[in-house]
DNA sequence: GCCATTAGTTACTTTTTTGTTAGTACCATA
DNA sequence: TATGGTACTAACAAAAAAGTAACTAATGGC
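Below you can see the structure in the form of structure tokens.
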């Protein structure tokens, strides 16, 4: 996100893609781990290491990056407790909760598409 | 899609991501231009160059790649007419049409999220 | 024979995204 | 004084996605 060339075609196209509400939305949810994280958090608030343990192979760096992006986009609320060792809790915002039913439908569609493709 | 290392963490994680119906679905729709193309095609069937003209800055290569991926995933039907110069028409499949209402909701959510974020 | 037209393909470069590894701060406890 | 636990950060490397530019096939009309 930081340190991009402002004039590349890549960036110019991104601007036009973000212009559309739909591609904007997918852009916001498109990180590799974001939806999986949201899925875990919709059950309950979790600490950093709890989330990490849900995904065998995610690196701490990636988890941090994805969580920060979700926070910046108003989908996740991050609460830091002034303790040692540190405790940080993550939970979904109202905005993210509204996404739930839509993602459920998308998930159903995914399952259907998958089995449809496999038939061939 | 072709020629990937089979053993990288990237690929191993992808396997586990594709395992989930939701992330699978987003994976299928996640190409930069795919949703924009679907959006145009849901109005009417179109020829290659017609689609191209809808997007000022897409390259022929990218358009080809995205269309082929959509075709492979059963979202777009490609019809080649045996004429010279060639004529090729693209149209949505039933599977893609079912996606319409879901994408509409996602688009609405995107608009809402965008204005919510801008307020700060 | 030569050109224009459509829908591509190929080889290559650029940019972004994801992953690896080692290290940090903090303080309570042994 | 050393150790452990949590939630990170920084520098770097690997992989994928996107973009650029030049080229192709086929044939009807000139």
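Chains as they are written, first to last, in this note's numbering: chain A, 766 to 885; chain B, 766 to 885.
Glycine included, each C-beta is placed from N, C-alpha and C at the ideal position.
Under the Cβ criterion (8 angstroms, minimum of three pairs), the region 781–788 of chain B does not count as touching the region 839–848 of chain A. Counting only residues of its own chain and dropping the five nearest sequence neighbours on each side, residue 806 of chain A has a CB closer than 8 angstroms to the CB of 816, 841, 855, 856, 857 and 861.
Per the Cβ contact rule, the region 874–883 of chain A is not in contact with the region 795–812 of chain B (fewer than 3 Cβ pairs under 8 angstroms). Taking the Cα of residue 774 of chain A as reference, the smallest distance to any Cα among B:830, B:853 and B:824 is reached at B:824. Residues of chain B with a Cβ closer than 8 angstroms to the Cβ of residue 778 of chain A are, in chain order, 797, 822 and 823.
Using a Cβ-Cβ cut-off of 7 angstroms, residue 785 of chain B is close to 801 of chain A, given in chain order.
When 7 angstroms is used as the limit between beta carbons, residue 863 of chain A is near these residues of chain B: 874, in chain order. By DSSP's assignment, residue 842 of chain B forms a beta bridge with B:856.
Boundaries of the alpha helix (DSSP H) around residue 804 of chain B: 799–806. C-alpha of residue 850 of chain A to C-alpha of residue 832 of chain B: approximately 51 angstroms in a straight line. Interface criterion met: the Cβ of residue 789 of chain B is under 8 angstroms from a Cβ in chain A. Here the alpha carbons of residue 813 of chain A and residue 803 of chain B stand approximately 37 angstroms from one another.
A distance below 6 angstroms between beta-carbons, with the five flanking residues on each side excluded, links residue 846 of chain A to the following residues of its chain, in chain order: 852. Boundaries of the alpha helix (DSSP H) around residue 782 of chain A: 774–783.
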